[in-house]
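Peer 1: Each residue of the sequence shown is one higher than the one before, starting from 15 at the first, in the numbering used here.
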Amino acid sequence: MSKHGKHKNSPAGAPDGKAPDHADDTAPADSTPAARTPGGRGNAARRLSGSRWVALAAVITVVVIGGVLGFAQFSPSVNYSDPRMIAMGEGLFATNCQACHGPQAKGESPFNVMGGRKPNGDYWAPALNGTAHAWHHPPDMLFSIVKKGSPAQDSRMRGWEGRMTEEEIHSVLAYVRSLWPEELRYRYDKANGLR
Ligand code: HEC
């Protein structure tokens, strides 16, 4: 979000700063027949607004492409094998996730590692350590579950947006991935274009 703000602000400010230059440009143009008419000024104004549109289009393109790539390619841009990320994620997992998903993400209940419903109607928090289903989800889906919360509205798995930065969410996922057996990590990375 803040990225978008930055993109929008800087180009919007730039043409304003240059406004006096443009006014000067139109002065010599007054000697040409086309520019002597009010239409001449109109052309200059149109040229200016045209360049503004180009700048705006460029900004939108950058923001849109950045957003799409940022979403679709977030995983290759994050090194999930980075020991620093894994260590950071381990601490965050202990503080934020362990109460439900259990130590080392072994699941809330050893008899319900796959999740499912408790007698009281709640969901069991499943294992995330490679013994259950989490590794079947592509990285962008895992990221979205942690950031936005479970699609199931009655789930206790709510999103961490606003409470964790994106980097922190990635680090928790890096930690979770580090708990998977090497062979599973390899298959997962291959299937998701991570290696
Ligand atoms: C209050 C309990 C609770 C907390 C805290 C919690 N979760 Fe969950 N989580 C659940 C439950 C329950 C489910 C299963 C139901 C569902 O998917 O909606 C779940 C599902 C998930 C899934 C999907 C697993 C799958 O196999 O589909 C992921 C990934 C996940 N949690 C990650 C995390 C991470 C990472 C944290 C900490 C940042 C966390 N959870 C904190 C309760 C919790």
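Note that the Cβ used here is the ideal one computed from N, Cα and C, for glycine as well.
(1) Quick check: what's the CA-CA separation for GLY121 versus LEU156?
(2) So which of HIS147, GLY144, SER123 has the shortest CA-CA distance to ASP136?
(3) For GLY116 and GLY105, I'd like the C-alpha separation in whole angstroms.
(4) Could you check how far apart the C-beta atoms of LYS162 and GLY173 are, in whole angstroms? I think they sit under 8 Å.
(5) Straight-line CA distance for LYS132 to HIS150?
(6) Give the straight-line distance between the Cα atoms of PRO97 and ASP168, rounded to the nearest whole angstrom.
(7) Give me the Cα-Cα distance between VAL190 and MET102, rounded to the nearest whole angstrom.
(8) Determine the closest residue to TYR94 out of PRO153, ILE159, VAL127, with distance taken between C-alpha atoms.
(9) From which residue to which residue does the alpha helix (DSSP H) around HIS184 run?
(10) So, is SER185 buried or exposed, given that buried needs 16 or more other C-beta atoms within 10 angstroms?
Peer 2: Considering the structure as presented:
(1) 16 Å
(2) SER123
(3) 14 Å
(4) 4 Å
(5) 23 Å
(6) 35 Å
(7) 11 Å
(8) PRO153
(9) 180-192
(10) buried
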